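Participant:
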Amino acid sequence: MAMKLLSPPPSSLSQPTKLFCLHSNSSRPKPISVSAFLFQWTPKREEPSRRAAVEVFAEMGVEVTVEDFVPFGGTGEANFLGGVASLKGVKGFNTEAAKKRFFEIYLNKYAKPDSGIGFPGAIELVTQCKSKGLKVAVASSADLIKVKANLAAANLPLSMFDAIVSADAFENLKPAPDIFLAASKILDVLPSECIVIEDALAGVQAAKAAKMRCIAVKTTLSEEALKSASPSIIRNQIGNISLDDILSGGSDGYNGKMQGPQFLNTSSQTASEKLTERETDSSGAANDSLFSFGGVVRRDIVRYGSLGIALSCLAFTISNWKAMQYAST
Numbered sequence: 022m023a024m025k026l027l028s029p030p031p032s033s034l035s036q037p038t039k040l041f042c043l044h045s046n047s048s049r050p051k052p053i054s055v056s057a058f059l060f061q062w063t064p065k066r067e068e069p070s071r072r073a074a075v076e077v078f079a080e081m082g083v084e085v086t087v088e089d090f091v092p093f094g095g096t097g098e099a100n101f102l103g104g105v106a107s108l109k110g111v112k113g114f115n116t117e118a119a120k121k122r123f124f125e126i127y128l129n130k131y132a133k134p135d136s137g138i139g140f141p142g143a144i145e146l147v148t149q150c151k152s153k154g155l156k157v158a159v160a161s162s163a164d165l166i167k168v169k170a171n172l173a174a175a176n177l178p179l180s181m182f183d184a185i186v187s188a189d190a191f192e193n194l195k196p197a198p199d200i201f202l203a204a205s206k207i208l209d210v211l212p213s214e215c216i217v218i219e220d221a222l223a224g225v226q227a228a229k230a231a232k233m234r235c236i237a238v239k240t241t242l243s244e245e246a247l248k249s250a251s252p253s254i255i256r257n258q259i260g261n262i263s264l265d266d267i268l269s270g271g272s273d274g275y276n277g278k279m280q281g282p283q284f285l286n287t288s289s290q291t292a293s294e295k296l297t298e299r300e301t302d303s304s305g306a307a308n309d310s311l312f313s314f315g316g317v318v319r320r321d322i323v324r325y326g327s328l329g330i331a332l333s334c335l336a337f338t339i340s341n342w343k344a345m346q347y348a349s350t
């Protein structure tokens with residue numbers, strides 16, 4: 022599929038979300054399905070963006086620090102710059118002019134080719150996902166000019182991606198889910214079948230709002246800060262994310278409080294083994310006949326349930342033995 026750039030946004034972004042439920046009849050929940058991998062492409066550190074922003078404000082005669090921009094990370098350049106301007110009480114702040122100057126400084130000073138701002142392991146992870154038939158997209162709150170510059174600086178060609186969705190076409194940026202929902206619609210994949218990689222709190226919140234599972238990476242924020250948004254799992258950096266993390270939808274890792282739908286693990290196999298098995302054996306009868314819940318498979322539930330009924334009957338018989346003897350005389 023050729024790469025798609027979003028402009029303008031699709032008219033309808035909402036899609037139904039699959040929920041897996043436990044039934045008493047013969048129907049079985051389907052395995053977790055992951056069809057698309059979305060990520061917010063930012064430098065491995067937000068420091069370059071913050072430094073460029075500090076220079077913009079310095080040219081206006083306003084003293085700011087890189088720490089002032091931390092709360093506005095991942096929310097788009099307008100909020101990134103405008104939020105600090107509001108915080109510092111800058112009057113007559115021209116957002117568009119500030120953005121233009123920000124991009125000039127950032128592209129010419131911090132995002133040059135081979136500048137080292139890319140994530141180690143990102144190319145390998147994208148390649149592995151593509152080899153398993155997953156669709157891969159960039160879904161960013163940054164403007165397209167910055168997204169392209171970051172990808173070029175990291176030696177990631179645009180042709181590697183099935184779609185690139187940037188902030189240019191949207192009014193509601195992260196933590197609103199619009200960008201992620203638009204990406205899933207372009208890829209023709211349900212939100213519930215997408216997994217997001219994010220390093221910003223607003224991005225994790227946006228993924229959760231879109232009903233997508235999310236792997237958070239600690240490139241800009243601490244684990245405690247990321248936990249507050251309840252990602253599926255947390256990894257130190259993209260290089261620590263495995264293909265199984267992607268294919269399992271994050272269900273095998275971080276066990277913090279989850280918001281939204283919960284998912285059942287279908288067997289003790291790794292997710293990549295399950296996907297490989299589905300590719301080579303369409304029947305899947307042996308493995309699909311059982312599902313686990315809390316480490317107990319269905320046949321164990323039936324066995325333990327039958328044992329419980331038997332013990333209950335025995336207890337009833339013993340406790341009422343004298344009464345039954347009296348009734349028989």
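Heads up: take any position in the sequence shown, counting from 1, add 21, and you land on our numbering. Even glycine gets a Cβ: it sits at the ideal position worked out from N, Cα and C. Note that the structure is a prediction, hence the values are computed from the model and not measured.
With a CB to CB cut of under 8 Å and the five nearest residues on each side skipped, what residues in its chain are close to Gln-258?
Facilitator: One-based indexing of the sequence shown puts residue 258 at position 237. Contacts found: Lys-65, Phe-140, Pro-141, Gly-142, Val-238, Lys-239, Thr-240.
Participant: Of the choices Ala-228, Val-217, Pro-252, whose alpha-carbon is the least far from that of Leu-146?
Facilitator: Here residue 146 is taken as the residue at index 125 of the sequence shown, counted from 1. Taking the Cα of Leu-146 as reference, the smallest distance to any Cα among Ala-228, Val-217, Pro-252 is reached at Val-217.
Participant: Please return the same chain residues whose Cβ sits closer than 6 Å to the Cβ of Ala-230, not counting the five positions on each side in sequence.
Facilitator: Taking the sequence shown and counting its residues from 1, the one referred to as residue 230 is at position 209. Hits under 6 Å: Pro-198.
Participant: Just reading off the beta strand (DSSP E) that Leu-59 is part of, what are its end residues?
Facilitator: On the sequence shown, position 38 is the one that residue 59 refers to. Taken as a continuous stretch (DSSP letters only), the beta strand (DSSP E) holding Leu-59 covers 57–60.
Participant: For Phe-123 versus Ala-184, is the C-beta distance shorter than 8 Å?
Facilitator: Translated into positions along the sequence shown, residue 123 becomes position 102. Translated into positions along the sequence shown, residue 184 becomes position 163. No; because the gap between Cβ atoms is not below 8 Å, this pair is not in contact.
Participant: Any heavy atom of the ligand FMN closer than 7 Å to the Cβ of Glu-244?
Facilitator: This structure simply doesn't include the ligand FMN, nor any ligand for that matter.
Participant: From Asn-115 to Asp-266, what distance separates their C-alpha atoms?
Facilitator: Along the sequence shown, read from residue 1 onward, the residue named residue 115 stands at position 94. Along the sequence shown, read from residue 1 onward, the residue named residue 266 stands at position 245. Approximately 43 Å, taken between the alpha carbons.
Participant: Looking at C-beta atoms only, is the number of pairs between the region 101–118 and the region 83–91 that lie closer than 8 Å three or more?
Facilitator: Yes, since at least three Cβ pairs between the region 101–118 and the region 83–91 fall closer than 8 Å, the two stretches touch.
Participant: Applying the criterion that 16 or more other CB atoms from any shown protein chain within 10 Å of the CB defines a buried residue, is Thr-148 buried or exposed?
Facilitator: Position 127 of the sequence shown, counted from the start, is the residue given in the question as residue 148. Its Cβ having fewer than 16 others within 10 Å, Thr-148 is exposed.
Participant: Among residues of its own chain, excluding the 5 on either side of Lys-156, which ones have a beta-carbon nearer than 8 Å to its beta-carbon?
Facilitator: Along the sequence shown, one-based indexing puts residue 156 at 135. The answer, listed in chain order, is Met-22, Ser-56, Ala-57, Phe-58, Asp-183, Ala-184, Leu-208, Val-210.
Participant: For the candidate residues Ser-243, Gly-94, Ala-246, Ala-204, whose alpha-carbon lies nearest to that of Glu-68?
Facilitator: The residue you call residue 68 lines up with position 47 of the sequence shown. Closest by alpha carbon: Gly-94.
Participant: Can you look up Ile-200 in the DSSP assignment and give me helix, strand or coil?
Facilitator: Translated into positions along the sequence shown, residue 200 becomes position 179. Ile-200: helix per DSSP, three-state reduction.
Participant: Where DSSP assigns a beta bridge to Lys-156, which residues make up the other side?
Facilitator: Counting from one through the sequence shown, the residue named residue 156 turns up at place 135. According to DSSP, which records beta bridges pairwise, Lys-156 is partnered with Ala-57.
Participant: What does the Cβ neighbour count give for Asp-135, buried or exposed, with the cut at 16 atoms within 10 Å?
Facilitator: What you label residue 135 is simply residue 114 of the sequence shown in a count that begins at 1. So Asp-135 ends up on the exposed side.
Participant: Between Glu-84, Gly-82, Val-77, Val-83, which lies nearest to Ala-99 when the distance is taken from Cα to Cα?
Facilitator: Stepping through the sequence shown from its first residue, residue 99 is reached at position 78. Residue Val-77 is the option with its Cα nearest to Ala-99.
Participant: Alpha carbon to alpha carbon, how far is Gly-154 from Gly-103? Give it in angstroms, no decimals.
Facilitator: As a first step, residue 103 must be located in the sequence shown, where it is residue number 82. As a first step, residue 154 must be located in the sequence shown, where it is residue number 133. Distance between the alpha carbons of Gly-103 and Gly-154 is about 40 Å.
Participant: Once you ignore the five residues that flank Asp-189 on each side, which residues in its own chain have a CB closer than 6 Å to its CB?
Facilitator: Residue numbering aside, residue 189 sits at position 168 when the sequence shown is read from its first letter. Closer than 6 Å at Cβ, skipping near neighbours: Asp-164, Leu-165.
Participant: In the region 103–174, which residue ranges form an unbroken beta strand (DSSP E) of at least 3 residues, counting only runs that do not cross its ends?
Facilitator: 156–160
Participant: Measuring only the C-alpha atoms, how far is Leu-194 from Thr-96?
Facilitator: For the purposes of this step, residue 194 is taken as the residue at position 173 of the sequence shown. For the purposes of this step, residue 96 is taken as the residue at position 75 of the sequence shown. Distance between the alpha carbons of Leu-194 and Thr-96 is about 6 Å.
Participant: Identify, in the order they occur along the chain, each residue of the same chain with its Cβ nearer than 6 Å to the Cβ of Leu-128, setting aside the five sequence neighbours on each side.
Facilitator: Translated into the one-based positions of the sequence shown, residue 128 becomes position 107. Excluding sequence positions up to five before and after Leu-128, its CB lies within less than 6 Å of the CB of Ala-170, all in the same chain and listed in chain order.
Participant: How far does the beta strand (DSSP E) with Glu-219 in it reach, from first residue to last?
Facilitator: The residue you call residue 219 lines up with position 198 of the sequence shown. 215–219 is the extent of the beta strand (DSSP E) around Glu-219.
Participant: Among the residues of its own chain, which have a CB less than 7 Å from the CB of Lys-133, if the five just before and after it don't count?
Facilitator: Within the sequence shown, numbered from 1, the residue matching residue 133 stands at position 112. Only Ala-174 meet the Cβ criterion.
Participant: What did DSSP end up calling Ala-184 once you bin it into helix, strand or coil?
Facilitator: In the sequence shown, the residue the question calls residue 184 occupies position 163. The answer is strand: DSSP assigns Ala-184 an E or B state.
Participant: Does the distance from the C-beta atom of Ala-160 to that of Ala-204 stay below 8 Å?
Facilitator: Against the sequence shown, residue 160 aligns to sequence position 139. Against the sequence shown, residue 204 aligns to sequence position 183. Yes, the pair counts as a contact, with Cβ atoms nearer than the cut-off.
Participant: How long is the line joining the alpha carbons of Ile-262 and Ile-255, rounded to whole angstroms?
Facilitator: The residue labelled residue 262 in the question sits at position 241 within the sequence shown. The residue labelled residue 255 in the question sits at position 234 within the sequence shown. Distance between the alpha carbons of Ile-262 and Ile-255: 9 Å.
Participant: State yes or no: is the C-beta of Ser-253 within less than 8 Å of the C-beta of Arg-234?
Facilitator: Counted from its first residue, the sequence shown places residue 253 at position 232. Counted from its first residue, the sequence shown places residue 234 at position 213. It is a contact, given that the beta carbons lie within the stated cut-off.
Participant: Please report the residue range of the beta strand (DSSP E) in which Ala-237 lies.
Facilitator: Locating residue 237 in the sequence shown gives position 216, counting from the first residue. It spans 234–238 - the beta strand (DSSP E) in which Ala-237 sits, taken as one unbroken run.
Participant: Using the three-state DSSP reduction, which class does Ile-262 fall into: helix, strand or coil?
Facilitator: Within the sequence shown, residue 262 is the residue found at index 241, counting from 1. In this structure, Ile-262 counts as coil in the three-state DSSP scheme.
Participant: So, does the CB of Ser-70 fall closer than 8 Å to a CB anywhere in chain B?
Facilitator: Among the chains of the structure shown, chain B does not appear; only one protein chain is present.
Participant: Have a look at Lys-232 and Val-75 and give me their C-alpha separation to the nearest angstrom.
Facilitator: As a working mapping, residue 232 is identified with position 211 in the sequence shown. As a working mapping, residue 75 is identified with position 54 in the sequence shown. Their Cα atoms are separated by approximately 35 Å.
Participant: Closest to Lys-167 by C-alpha separation, out of Gly-137, Glu-125, Met-181, would be which residue?
Facilitator: Here residue 167 refers to the residue found at position 146 of the sequence shown. For Lys-167, the nearest C-alpha among the options comes from Glu-125.
Participant: Report the option in Ser-243, Glu-244, Ile-200 whose CA atom is closest to the CA atom of Gly-224.
Facilitator: Translated into the one-based positions of the sequence shown, residue 224 becomes position 203. Minimum Cα distance to Gly-224 is reached at Ile-200.
Participant: Would you mind giving the Cβ-Cβ distance between Phe-222 and Leu-242, rounded to the nearest angstrom? I have them listed as a contact below 8 Å.
Facilitator: Translated into the one-based positions of the sequence shown, residue 222 becomes position 201. Translated into the one-based positions of the sequence shown, residue 242 becomes position 221. Reading off the sequence, residue 222 comes out as Leu, not Phe. Between the beta-carbon of Leu-222 and that of Leu-242 there is about 6 Å, and that keeps the pair under the 8 Å contact cut.
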